[in-house]
Each structure stands twice: as C-alpha cells, then as structure tokens.
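Accompanying notes for the structure given below.
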Amino acid sequence: MNHRRPTVADLLSMKGERQLTMLRVVTLEEAEAAEAAGIDLVSVPPALLGPEFREAAPSVFAFPGLEYGDYVTAEEYLRAAFKAMRAGGDAVYCAAGLSTVRRLSEEGIPVCGHVGLIPSKATWTGGFRAVGKTAASALEIWRQVKALEEAGAFAAEIEVVPGEVAAAISKRTSLLMLSMGAGSGCDAQYLFADDVLGQTRGHTPRHAKVYRNFAAEFDRLQQERIAAFREYAEDVRSGAYPEKAHRVAIAPEELEVFLATIA
C-alpha cells in the first residue's frame, strides 16, 4: 500500500484481490510496530488517536471502536464518531443497531459493523462459541450482512464463523469482510496484538496464532524489577546510596559561612 494512507474507496477496490492484514493495537508502540511491519488496518481505542498516533502510524487505516454500551443514543454515537474521525480515524467500528449504523452512514462516516460472534451480544447466540454452524444460523448471519449493506455500512467484522460460510458470504456482499477466526475466504485477517505477541494469559482463542512470548519476558522483567528495588532498599539501609556522585557539592568556604550563620 506504499506510504499513502488508503481510503475507503481504495480498500473496496481491493476486495477479492488480496488478503489484507489487520491488528487490534492499544499502545503507540504497537501502532508504530504495525506501521513498520506493513500492516494494512488497525483497530484502536478512540483514546489512542491524535497527532502522536498519526506520527507513529501515518499510513495504516484506523478503525476506532465505538464500544457497545459506552454510548446509548444515535446522537451519542454520532458525536463520538466525529470526534474519532477528527482525531485521525478513518472509519468507525459500531456494533449498535441498524438505525444507528444508518444515522452514521447518512453523515458520511464509514462504518464497520459486526456479525457472527459479537462478544457484547453473545448471550443471544449461546455465549462465546462459534456461530453459523447450522444452515439456520448461517442464514441469520447472511441476513445481518445484507441488513448492514442496506444501512450503509462499508465493512463488517465476521467472528468465529465456519470458513466456508464466511467465504460464501464475502463473495456475495459488497462489504469488506474482516475475518476474525472465520477462515481465509474473506477480505482481511484480523487478530489482536496481545495474542500475536503472546501477552494473553490464560485462555488463548482457537483462531489466534502466537508469534512471540511476551508474557514470559514480562515475568522476567518483573523479577528484575523486584531485584532492583530490593538492592536499592538495601543500599539505602546500609548507606551505600547516595554516594558522592549522587550528591550536590558545596565549596568548603561557603559551607563554613552557612554553618556559622545558623549556629
């Protein structure tokens, strides 16, 4: 994608041409690494956006997430979306109802919806489990995609859906389909940086692939942190700190005058 930030039109023109790469990043360091690694798309918390974000990641297409439940009315979503776009976002993620998606799209804000397993609404599909494993369930995902199309969304995350179902839907929709655990037949592959870096403790999603073991490194650094603090405390107690190099010097004659004055 060279160094020009892609537009929505650019992304839609690439539908079916090649798989895009997408990461969820939550720090400037992760954003900078995504830029350097040539990642195409990133999902970010809105608070991460701003001049520093765009300095770190000038050419990645950013989806600030308008998290479900943080906003209630369409007006609240709209206000948050405009703020995120002004801060450097390129489109917004929104799992709210179709009327909210339609309201955002009517104002020209590019919207990414969500189908399949939607964590904030997982109670309706049986909890944190795959969706679309029956014909009826797969058809419901298809209906949701078509409804998002009609409401004006340009993209949709499709999460933990059988690859064959996701591929069939992706071929039949104008939406840019972002696969999180939904196979390789969509338009982009989407993972969390936490999982890629091995920072996740406990359960790792089945669809995640771990490329590094940051958790072990964090554990090692924590032990080094404790050891350094302990050595510092021992130095204070023994008088080894502060040493002469850590103290401000005063000329002997100046000290003598000072001490005589306060005697």
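Under this note's numbering, the first residue of the sequence shown is numbered 139, with each subsequent residue one higher. Where a beta carbon is used, it is the ideal one built from N, C-alpha and C, also for glycine.
Take residue i and list the residues in its own chain whose beta-carbon comes closer than 8 Å to its own, dropping the five residues that flank it on each side.
| i | result |
| --- | --- |
| valine 334 | Leu161, Ala346, Lys347, Val348, Tyr349, Arg350 |
| alanine 222 | Pro184, Leu187, Pro202, Leu204, Val230 |
| glutamate 287 | Thr311, Ser312, Leu313 |
| alanine 172 | Leu161, Val163, Val180, Ala195, Val198, Ala331 |
| threonine 159 | Gly176, Ile177, Asp178, Leu179, Ala326, Gln327 |
| proline 300 | Ala268, Gly270, Lys271, Ala276, Ala320, Gly321 |
Excluding the 5 residues preceding and the 5 following residue i in the sequence, name in chain order all residues of the same chain whose CB lies nearer than 7 Å to its CB.
| i | result |
| --- | --- |
| proline 343 | Gly319, Asp333 |
| lysine 153 | Leu314, Asp325 |
| asparagine 140 | Low local confidence applies: a pLDDT of 48 at asparagine 140 is under 50, so the model's placement there is unreliable, with the coordinate-based value given in what follows. No residues qualify anywhere along the chain. |
| glutamate 190 | Leu166 |
| serine 243 | Val249, Ala289, Gly290, Ala291 |
Kindly indicate which three-state DSSP category residue i falls into: helix, strand or coil?
| i | result |
| --- | --- |
| proline 202 | strand |
| leucine 255 | coil |
| isoleucine 296 | strand |
| methionine 139 | Low local confidence applies: a pLDDT of 42 at methionine 139 is under 50, so the model's placement there is unreliable, and no value is given. |
| threonine 272 | coil |
| threonine 338 | coil |
| methionine 223 | helix |
| glutamate 391 | helix |
| serine 181 | strand |
| proline 189 | helix |
| lysine 153 | coil |
| tyrosine 349 | coil |
| valine 386 | coil |
| arginine 368 | helix |
| tyrosine 379 | coil |
| arginine 310 | coil |
| threonine 145 | coil |
| alanine 291 | coil |
| valine 164 | coil |
| alanine 401 | coil |
Can you tell which of the options has its C-alpha closest to the C-alpha of residue i?
| i | options | result |
| --- | --- | --- |
| isoleucine 177 | Gly377, Phe352, Leu329, Gly336 | Leu329 |
| alanine 274 | Val374, Ala260, Gly254 | Gly254 |
| alanine 225 | Ala172, Cys232, Pro196 | Pro196 |
| glycine 207 | Val386, Pro257, Ser181, Tyr370 | Pro257 |
| glycine 290 | Ala268, Gly235, Thr145 | Gly235 |
| glycine 251 | Thr261, Val239, Lys259 | Val239 |
| glycine 336 | Gln327, Ala354, Ala389, Gly323 | Ala354 |
| alanine 304 | Ser317, Lys259, Ala293 | Ser317 |
| glutamate 170 | Arg385, Gly270, Arg192 | Arg192 |
| serine 237 | Asp228, Gly227, Ala389, Leu216 | Leu216 |
| alanine 200 | Thr145, Thr211, Ala389, Arg339 | Thr145 |
| valine 298 | Ala276, Lys309, Val269, Ala285 | Val269 |
| phenylalanine 266 | Lys382, His341, Thr211, Ala383 | His341 |
| phenylalanine 220 | Val210, Ala233, Gly246, Thr211 | Gly246 |
Going by beta carbon distance, what residues of the same chain come within less than 6 Å of residue i, once the five residues before and after it are set aside?
| i | result |
| --- | --- |
| isoleucine 307 | Trp280, Val283 |
| serine 322 | none |
| leucine 393 | none |
| leucine 149 | Leu314 |
| aspartate 373 | Tyr379 |
Check the DSSP bridge columns for residue i and list the partner residues they point to.
| i | result |
| --- | --- |
| glutamine 327 | Thr159, Ser317 |
| valine 249 | Val230 |
| tyrosine 209 | Tyr206 |
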